[in-house]
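K.L.:
Before we start, here is the structure in question, set down as structure tokens.
Protein chains: 2
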Amino acid sequence: MGIVERRARQKEEVRNNIIYTAWDMVKKDGWQALSIRKIAEAIEYSVPVIYDHFENKEAILLEFGKKGFRKMGDKLEFARNQYTNPSDQIRAMADAYWEFALNNVQLYQLMFGIGMASCESEKCTCEYNRFIDIMIEPIENELKLNNRTDVNACLKYHTLWSVLHGLVSIKITGTSPADDELTKVVLDDAIAGYIKNLK
Amino acid sequence: MGIVERRARQKEEVRNNIIYTAWDMVKKDGWQALSIRKIAEAIEYSVPVIYDHFENKEAILLEFGKKGFRKMGDKLEFARNQYTNPSDQIRAMADAYWEFALNNVQLYQLMFGIGMASCESEKCTCEYNRFIDIMIEPIENELKLNNRTDVNACLKYHTLWSVLHGLVSIKITGTSPADDELTKVVLDDAIAGYIKNLK
DNA sequence: TTACTTTTGCTAACACCGTTAGGTTATTGA
DNA sequence: TCAATAACCTAACGGTGTTAGCAAAAGTAA
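This is how it looks when you write it as structure tokens:
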């Protein structure tokens, strides 16, 4: 008898409804706006029903994180397969990564734990500017030293900062299983490469 | 008459008390544990008093963000001033940045909006591993192509990812005032440099 | 000293939130 | 028809940030 199947199907449907509704909210107002109560209201069930499908709120967000990794994986794979030359492949993947992140901001935030309130936008401008000033000076000098008038110091500063911030945030959020030692080696390697490219 | 001065002093004292207590909480349990009500209890005042000194909870966190930028600025400046050669200075600043971030995780998180719940640690392992696999293959091939048996592909993969993630998260959290065009140029520049270093 | 004004601080509430205990109703199998 | 089970809900617990409105204290001027 298909009774249990029908039940399973109905349960699955509710589950999908939860995810669908939740994603709608996240997409529209960001992950911070997600609320169990609002989901319940939207799917026209009482609150505890949500907990029959997900252990807690985090589990719902986790669902999107996984979805994000799958989607990004697909994009990267596709980009890579457009080329056979490895360096072209790397370039293509980098572009695809960039594209994915900017077109799926909410997903990316959930995947890597980015974007709490913080000092966003222009609230720390003054303090931030000093930080730029300090960092950019040696870069300008190094470029002068090497007669690299073709290179924009501001651009190079951004590159340096990206490398640093990227390493740090991967380290802090614990996304990568890499240990301390490896990360420090990566840093040294990246900086060495960076300086080499200024010459 | 020094009455207004004394009053201002006392008010200042309460304000400092709020910041001190708040920082204690953030330091111990992370910024997510900060609660207006708990601060009020700790300083032995009622809740609305907090709002005489700070517009809202975010304003308190902002205070720490600013403090973080100042502190990091000091560290970077100091590191830079230990050397005269620009490339040494860059290296020193990179190390200082790294040190600061790892020794002041909470501050760094507040400064750059990192570290919500997310897919942290090992919850997305499976999805994450596929992502590594896809990315690392072309790097290995490129290294082989250039007979670079001295270089660890895993390390190089981490470097690439850091650059990408760094750029993206700076872009997403809006920390930098850089516009879209500049950021894309930075990306291209960084990737070009990265590939060059694989050769 | 008294009357008035300002500052200070509090209570109590509003409107949310995630989570869960416990009971009710409907559905199913014997 | 009856017991078991699954589905579902109400209502609460213990939190959160924020604010309106009032009482008391402190300072000022007569």
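Line order of the protein sequences matches chains G and C. At position 39 of the first sequence the residue is numbered 452 (this note's numbering), and the sequence of numbers has no breaks. At position 162 of the second sequence the residue is numbered 575 (this note's numbering), and the sequence of numbers has no breaks. For each residue, glycine too, the CB sits at the ideal point set by N, CA and C.
1. With three or more beta-carbon pairs closer than 8 angstroms as the criterion, would you say the segment 445-462 of chain G touches the segment 483-497 of chain G?
2. Buried or exposed: Pro461/G, going by 16 or more other Cβ atoms within 10 Å of its Cβ?
3. Could you name each continuous alpha helix (DSSP H) segment of 4 residues or more that falls completely within the segment 435-518 of chain G, going from the start of the chain to the end?
4. Three Cβ pairs or more, each shorter than 8 angstroms: is that satisfied between the segment 510-526 of chain G and the segment 543-559 of chain G?
5. Give a yes or no on whether the minimum CB-CB distance between Glu540/C and chain G is below 8 angstroms.
6. Quick one: using the 10 Å Cβ neighbour count with 16 as the cut-off for buried, is Ser459/C buried or exposed?
7. Under 8 angstroms between the Cβ atoms of Ile604/C and Ala514/G?
8. The segment 570-588 of chain C: which residues have C-beta closer than 8 angstroms to a C-beta of chain G, in chain order?
9. Any beta carbon of chain G sitting closer than 8 angstroms to that of Gly606/C?
10. Under 9 angstroms between beta-carbons, which chain G residues line up against Lys609/C? List them in chain order, please.
11. For the alpha helix (DSSP H) that Asn565/G lies in, which residues bound it at each end?
12. Counting only Cβ pairs nearer than 8 angstroms, list the residues of chain G close to Trp436/C.
13. Which residues does DSSP list as the beta-bridge partners of Ile527/C?
14. Pair every Cβ in the segment 494-502 of chain C with every Cβ in the segment 564-573 of chain G, then say whether three or more of these pairs are closer than 8 angstroms.
15. Taking Cβ positions, are Leu577/C and Gly579/G nearer each other than 8 angstroms?
16. Quick one: is Ser500/G near chain C, going by C-beta distance under 8 angstroms?
17. My guess is that Phe491/C and Val439/C are in contact by the Cβ rule of under 8 angstroms, so how many angstroms apart are they, rounded?
18. Within 8 angstroms of any Cβ in chain G, is that where the Cβ of Tyr521/C sits?
19. Here's the rule I'm using: 16 or more other beta-carbon atoms within 10 Å means buried, otherwise exposed. How should Gly443/G be labelled?
20. May I have the straight-line CA-CA distance separating Gly415/C from Val427/C, to the nearest angstrom?
21. For Leu474/G, does the count of other Cβ atoms within 10 angstroms reach 16, so buried, or fall short, so exposed?
22. Quick one: Cα of Ser582/G to Cα of Lys470/G, how far?
23. What would DSSP say about Gly579/C, mapped onto helix, strand or coil?
24. Quick check on Ala540/G: buried or exposed, where buried means 16 or more other Cβ atoms within 10 Å of its Cβ?
25. Give a yes or no on whether the C-beta atoms belonging to Tyr510/G and Gly481/G are separated by under 8 angstroms.
26. Mind checking Leu556/C: buried by the 16 CB within 10 Å criterion, or exposed?
27. Show which residues of chain G have a CB atom less than 7 angstroms away from the CB atom of Val598/C.
28. Flag Ile549/C as yes if its beta-carbon sits less than 8 angstroms from any beta-carbon of chain G, otherwise no.
29. Within 10 angstroms of the Cβ of Gln519/G, are there 16 or more other Cβ atoms? Answer buried if so, exposed if not.
30. What does the alpha-carbon distance come out to for the pair Asp437/G and Tyr433/C?
31. Quick check on DSSP: helix, strand or coil for Asp592/G?
32. State the DSSP-derived secondary structure class of Gly415/C, mapped to helix, strand or coil.
33. Would you say Ala603/C faces chain G, with C-beta separation under 8 angstroms as the test?
34. Going along chain G, which residues have a C-beta under 7 angstroms from Asn403/C?
35. Is any beta-carbon of chain C found at less than 8 angstroms from that of Leu489/G?
P.N.:
To lay it out plainly:
1. Counting C-beta pairs with one atom in each stretch, the segment 445-462 of chain G and the segment 483-497 of chain G have fewer than three that are closer than 8 angstroms, which means they do not touch.
2. Flag for Pro461/G reads exposed.
3. The alpha helix (DSSP H) runs of length 4 or more contained entirely in the segment 435-518 of chain G are, from start to end of the chain, 449-456, 460-466, 470-493 and 499-516.
4. Contact annotation: the segment 510-526 of chain G does not touch the segment 543-559 of chain G, with fewer than three C-beta pairs closer than 8 angstroms.
5. Chain G contact via Cβ: present.
6. Counting of Cβ neighbours within 10 angstroms places Ser459/C among the exposed residues, the total staying below 16.
7. Not a contact, by the Cβ cut-off of 8 angstroms.
8. Under the 8 angstroms Cβ criterion, the segment 570-588 of chain C contributes His571, Thr572, Leu573, Trp574, Ser575, Val576, Leu577, His578, Gly579, Leu580, Val581, Ser582, Ile583, Lys584, Ile585, Thr586, Gly587 and Thr588.
9. Cβ-Cβ to chain G under 8 angstroms: yes for Gly606/C.
10. For Lys609/C, the residues of chain G that pass the 9 angstroms Cβ criterion are Gly606, Lys609 and Asn610, in the order they occur in the chain.
11. Neither: Asn565/G is in no alpha helix (DSSP H) and is coded neither H nor E.
12. Under the 8 angstroms cutoff, chain G gives no residues; its nearest Cβ is about 16 angstroms from Trp436/C.
13. DSSP lists Ile527/G as partners of Ile527/C.
14. As far as the Cβ criterion goes, the segment 494-502 of chain C does not touch the segment 564-573 of chain G, which means the pair count is below three.
15. Cβ atoms of Leu577/C and Gly579/G: closer than 8 angstroms.
16. Judged by the 8 angstroms Cβ criterion, Ser500/G is in contact with chain C.
17. Not a contact, Cβ separation roughly 24 angstroms.
18. Closer than 8 angstroms: yes.
19. Exposed: under 16 other Cβ atoms inside 10 Å.
20. Computed Cα separation, rounded: 18 angstroms.
21. So Leu474/G counts as buried.
22. Taking the straight line joining both Cα atoms gives about 24 angstroms.
23. In the structure shown, Gly579/C sits in a helix (DSSP, three-state: H, G or I).
24. Reading the sequence as shown, one finds Glu at residue 540/G and not Ala. With 16 or more Cβ atoms within 10 Å of its Cβ, Glu540/G is classed as buried.
25. Contact flag unset, no.
26. The C-beta of Leu556/C has 16 or more other C-beta atoms within 10 Å across all chains shown, which makes the residue buried.
27. For Val598/C, the neighbours in chain G by C-beta distance under 7 angstroms run, in chain order, Leu568.
28. Not one chain G Cβ lies under 8 angstroms of Ile549/C.
29. Gln519/G comes out buried.
30. Going from the Cα of Asp437/G to the Cα of Tyr433/C covers about 40 angstroms.
31. The three-state secondary structure of Asp592/G, taken from DSSP, is coil.
32. Coil, per DSSP.
33. At least one chain G Cβ lies under 8 angstroms of Ala603/C.
34. What is shown of chain C runs 414 to 612, which leaves residue 403/C out entirely.
35. Leu489/G counts as touching chain C.
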